[in-house]
Amino acid sequence: MKNSNSENLKLGIFVILGIMIFVTAVYFIGNRQNLFGDNSVITSVFKDVNGLQPGNNVRFAGVNVGTVQKIRIINDTSIAVNMRINQNTMDLIRKNSLATISSDGLVGSMIVNLLPGENSSVPAMPVHPGDTIPSISKIATADMLTTLNTTNENAAHLTADLLKITNSINKGEGTIGVLIKDEEMANNFKKTIEGLRQATQNVSGMVNRVNSIIDEMSYKESVAGVLLSDTTAAKQIEGIISNLELSALQINNVTTNLEQFSYDIRSGEGTLNYILNNPGAVDQLDATLHNIEKATRKFDENMEALQHNILFRGYFKRQERIQATEEKKNNNK
Amino acid sequence: MTRNFPIAKNLYSFFTETGALSRFAGRFFKELFSRPFEFREFLRQCYQMGNKSLLLVGVTGFILGLVFTLQSRPTLEEFGASSWIPNMISISIVREIGPVIIALICAGRIGSSIGAELGSMKVTEQIDAMEVSGTNPFKFLVVTRILAATLMLPLLILFGDFIALIGSALVENIKGQVSFTLYFNQVFDALGFRDLLPATGKSFFFGFAIGLVGCFKGYNSSKGTAGVGRASNSAVVYTSMLLFIIDFIAVFLTELIYGT
């Protein structure tokens, strides 16, 4: 009897544990599917549900908040999806929230994503059980494949063109082909590079030399150093500059006067203007001067003749004696 | 006539045996609901089948989960899908591998022991003695065993599944740096009622098949002590075959009910 009781106790524990495992599993699975607890049903209408099934997850900001309860075809362009949403999260879902169907990873099952409404600056009212929220259709896999197909076709054209270009290059046609295939050009290029390298070395050496010269220069004893550091020199230079400024002003005045003078000459009716502007006057003047020269020569001859004249000879001899006396006086001094 | 055609002979014996088994099952249901109920013997059988098989089932389940995960891991890692291991392992174990493997283990342990026990009682004429003493041997020996096997196997399978998942979680924890919490979160994310309920439902049928065939072979054994061994052996063989047939029907029905 005692043995039987012990067996019954062990059996009881075994059975209860087994049932607990089953109940726990049922609870957790049911909890994941929102079968227990407070839930509310909201609806959204889609054009295409992309293979969504009852039991698929409903996510709000990446958090599972419910499951798809039922999918009904209303008409050929509208499919209503009833979602069982956890009551705790109902306040977060607004009437302008958007439902969209997407895939849970690349190979995952479909899910319904609830997105906050676009006009988030003005929060809309929270949804109530039975409400219908708007939906948006994201790009489906089929659309993606269509786009990819177009991209592939373009890529095929591109690669065909690239093939032609590479063939041309291989044959040495075109600028790039010549650049790659022509040995002479390669040699020239090589020489150019060599020249450039040499020039760079020279420049580098030159820069080094300039650097060393600059380093060797005594800053304080140089003109620049004196100019920059000696205050006396600075004052002298300042004076020079002010004198220069003054001179420039005077030069300016002189220039202005000269300009006025030349203007007067050009515009006035004086002798100079007459001489400058009348070419005939120059000839006349020349003739006049010539006449004066001739007259002067004749006058000189007349005077010579006058000196030898008996009437005036005494006067000239007296003049010579006075001049000789003055010279003698000067020599004695 | 059948002596000259071995296939016909085999077919004849197959149908005869199936008919006898059906009559045996019918008698079981008839005796099940008629008084007196051998409750004490039923509990004793439950203890023998349930508690005494738990260690075997636990070790088998643990190794099953461990090895299954270790073997699947490299292939899934190659595809970069190692995060799907909890999902895949849990669905495989709960839906199919757990129930079938544990039922086969139990067929080996429980079915053979029932066949051997009843077979030896039959050849030593203890069953006849019970009838003479006024005890209904079918009710006392067969009904209690079949009922105990039917009710204990689902529990054993639940234990086995749970321990297998622990073994799998252990491997994931060591090799994949996946915590137990994350592992079981993923397991319950992946599992649905369509995985758990049909598997639990068919395990009742597995238990019933093990008890029924074991009792049938033992209760109808003959030809002395050699018959005991044959009863025990054929109980295991027939039960194993029957388990796969039941499994096929169960999967087929599940697909019909839940869809693909």
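Chains as they are written, first to last, in numbering that gives the first Met the number 0: chain A, 0 to 332; chain B, 0 to 259. A virtual CB, placed ideally from N, CA and C, is assigned to each residue, including glycine.
Using only the alpha-carbon positions, how far apart do B:ASN219 and B:PHE243 sit? The sequence position of residue 219 of chain B within the second sequence is 220, counting from 1. The sequence position of residue 243 of chain B within the second sequence is 244, counting from 1. Cα to Cα, the separation comes out at about 24 Å.
State yes or no: is the C-beta of A:GLY65 within less than 7 Å of the C-beta of A:ARG83? Position 66 of the first sequence, counting from 1, holds the residue named residue 65 of chain A. Position 84 of the first sequence, counting from 1, holds the residue named residue 83 of chain A. Yes, these two residues count as a Cβ contact at 7 Å.
Give the DSSP-derived three-state secondary structure of B:ARG34 in the structure shown. Locating residue 34 of chain B in the second sequence gives position 35, counting from the first residue. DSSP places B:ARG34 in coil when its eight states are reduced to three.
Given a cut-off of 7 Å, decide if B:ALA163 and B:GLY49 are closer than it, judged by their beta-carbon atoms. On the second sequence, position 50 is the one that residue 49 of chain B refers to. On the second sequence, position 164 is the one that residue 163 of chain B refers to. Going by C-beta atoms, B:GLY49 is not nearer than 7 Å to B:ALA163.
DSSP on A:THR145, reduced to helix/strand/coil? For the purposes of this step, residue 145 of chain A is taken as the residue at position 146 of the first sequence. If DSSP states are grouped into helix, strand and coil, A:THR145 belongs with the helices.
Flag B:PHE203 as yes if its beta-carbon sits less than 7 Å from any beta-carbon of chain A, otherwise no. The residue labelled residue 203 of chain B in the question sits at position 204 within the second sequence. For B:PHE203, the answer is no, since every Cβ of chain A falls outside 7 Å of its Cβ.
Buried or exposed: B:THR180, going by 16 or more other Cβ atoms within 10 Å of its Cβ? Along the second sequence, one-based indexing puts residue 180 of chain B at 181. It counts as exposed.
Beta carbon proximity, A:GLY104 to chain B, threshold 7 Å: For the purposes of this step, residue 104 of chain A is taken as residue 105 along the first sequence, with counting starting at 1. Answer no: the Cβ-Cβ gap between A:GLY104 and chain B never drops below 7 Å.
Since A:LEU113 and A:ALA98 should fall inside the 8 Å C-beta cutoff, what is the C-beta to C-beta distance between them, to a whole number of angstroms? Locating residue 113 of chain A in the first sequence gives position 114, counting from the first residue. Locating residue 98 of chain A in the first sequence gives position 99, counting from the first residue. That belief holds up - the Cβ atoms of A:LEU113 and A:ALA98 are roughly 6 Å apart, short of 8 Å.
Return the residues of the segment 74-95 of chain A that lie within a Cβ-Cβ distance of less than 9 Å from chain B, sorted by chain order. none
Please decide whether B:TYR46 counts as near chain A, where near means a Cβ-Cβ distance under 7 Å. The count along the second sequence starts at 1 and reaches residue 46 of chain B at position 47. By this cut-off, B:TYR46 is an interface position.
Using Cβ-Cβ distances below 8 Å, what residues of the segment 13-24 of chain A are close to chain D? In the displayed structure, chain D is absent; the protein chains listed are A and B.
Given 8 Å, three or more beta-carbon pairs between the segment 200-220 of chain B and the segment 106-123 of chain B: yes
What number of angstroms, rounded off, separates the C-alpha of B:LYS288 from the C-alpha of B:PHE192? The structure shown does not extend to residue 288 of chain B, since chain B spans only 0 to 259, so no value can be given for it.
In the DSSP assignment, what are the bridge partners of A:PHE59? As a working mapping, residue 59 of chain A is identified with position 60 in the first sequence. Answer by DSSP bridge pairing, in chain order: A:VAL62 and A:LEU113.
Taking only beta-carbon positions, decide if B:ASN172 is within less than 7 Å of chain A. Position 173 of the second sequence, counted from the first residue, corresponds to residue 172 of chain B. Not closer than 7 Å to any Cβ of chain A, the Cβ of B:ASN172 fails to qualify, so no.
When the Cα atoms are used, what is the spatial distance from A:GLU237 to A:VAL206? Position 238 of the first sequence holds residue 237 of chain A. Position 207 of the first sequence holds residue 206 of chain A. Each residue's alpha carbon lies about 35 Å from the other.
In chain A, which residues lie less than 8 Å from B:THR199 when you measure between Cβ atoms? Against the second sequence, residue 199 of chain B aligns to sequence position 200. By Cβ distance, chain A contributes PHE21.
Which residue's Cα is closest to the Cα of B:GLY97: B:LEU195, B:GLY228, B:PHE251 and B:ARG229? Translated into positions along the second sequence, residue 97 of chain B becomes position 98. Looking at the Cα atoms, B:LEU195 is the closest of the given residues.
Top-ranked residue by Cα proximity to B:GLY18, from B:PHE215, B:THR238, B:ILE248 and B:TYR257: Here the question's residue 18 of chain B lines up with position 19 in the second sequence. For the residues B:PHE215, B:THR238, B:ILE248 and B:TYR257, the minimum Cα distance to B:GLY18 belongs to B:PHE215.
Where B:ASP188 and A:ILE28 are concerned, what is the direct C-alpha to C-alpha distance, given to the nearest angstrom? In the second sequence, the residue the question calls residue 188 of chain B occupies position 189. In the first sequence, the residue the question calls residue 28 of chain A occupies position 29. About 7 Å.
Check whether the segment 233-248 of chain B and the segment 123-140 of chain B are in contact - that is, three or more C-beta pairs closer than 8 Å. no
Between A:LEU91 and A:PRO125, what straight-line distance do the alpha-carbon atoms span, to the nearest angstrom? The count along the first sequence starts at 1 and reaches residue 91 of chain A at position 92. The count along the first sequence starts at 1 and reaches residue 125 of chain A at position 126. For A:LEU91 and A:PRO125, the distance between alpha carbons rounds to 7 Å.
Going by the DSSP bridge assignment, what does B:ILE100 pair with across the sheet? Here residue 100 of chain B is taken as the residue at index 101 of the second sequence, counted from 1. Partner(s): none; B:ILE100 has no beta bridge.
Kindly indicate which three-state DSSP category A:THR76 falls into: helix, strand or coil? Numbered from 1 along the first sequence, position 77 holds the residue referred to as residue 76 of chain A. It is coil, neither helix nor strand.
Given A:GLY173, which residues of its chain have a CB within under 6 Å of its CB, disregarding the five upstream and five downstream residues? Position 174 of the first sequence, counting from 1, holds the residue named residue 173 of chain A. Only SER167 meet the Cβ criterion.
Who are the Cβ neighbours of A:GLY116 in its own chain at under 7 Å, not counting the five residues just before and after it? Sequence index remark: in the first sequence, residue 116 of chain A carries index 117 (1-based). Closer than 7 Å at the Cβ level, and outside the excluded window around A:GLY116, lie ARG93, ASN95, SER96, LEU97 and ALA123.
7 Å is my cut-off, CB to CB: does B:LEU195 come that close to chain A? If you number the second sequence from 1, residue 195 of chain B lands on position 196. Closer than 7 Å: yes.
Would DSSP call B:PRO5 helix, strand or coil? Looking up residue 5 of chain B in the second sequence gives position 6. Residue state, collapsed to three classes: helix.
Measure the Cβ-Cβ separation of B:ILE101 and B:ARG144 and say whether it is below 7 Å. Stepping through the second sequence from its first residue, residue 101 of chain B is reached at position 102. Stepping through the second sequence from its first residue, residue 144 of chain B is reached at position 145. No, they are not a contact pair.
Within the same chain, show all residues whose beta-carbon is closer than 8 Å to that of B:PHE161, passing over the 5 residues directly before and after it, in chain order. Along the second sequence, read from residue 1 onward, the residue named residue 161 of chain B stands at position 162. GLY60.
Members of the segment 144-164 of chain B that neighbour chain A once the beta carbon cut-off is set at 7 Å: LEU154, LEU157, PHE158 and PHE161
Pick out whichever of B:LEU255, B:ALA198, B:ARG43 and B:GLU254 has its Cα sitting closest to the Cα of B:PRO153. Your numbering for residue 153 of chain B matches position 154 in the second sequence. Measuring from the Cα of B:PRO153, the nearest candidate turns out to be B:ALA198.
A:PHE45, DSSP secondary structure in three states: Within the first sequence, residue 45 of chain A is the residue found at index 46, counting from 1. It is a strand residue.
Through-space distance from B:GLY166 to B:THR68, alpha-carbon basis: Numbered from 1 along the second sequence, position 69 holds the residue referred to as residue 68 of chain B. Numbered from 1 along the second sequence, position 167 holds the residue referred to as residue 166 of chain B. Distance between the alpha carbons of B:THR68 and B:GLY166: 8 Å.
With DSSP as the reference, label B:VAL227 as helix, strand or coil. Residue numbering aside, residue 227 of chain B sits at position 228 when the second sequence is read from its first letter. Of the three classes helix, strand and coil, the one that applies to B:VAL227 here is helix, per DSSP.
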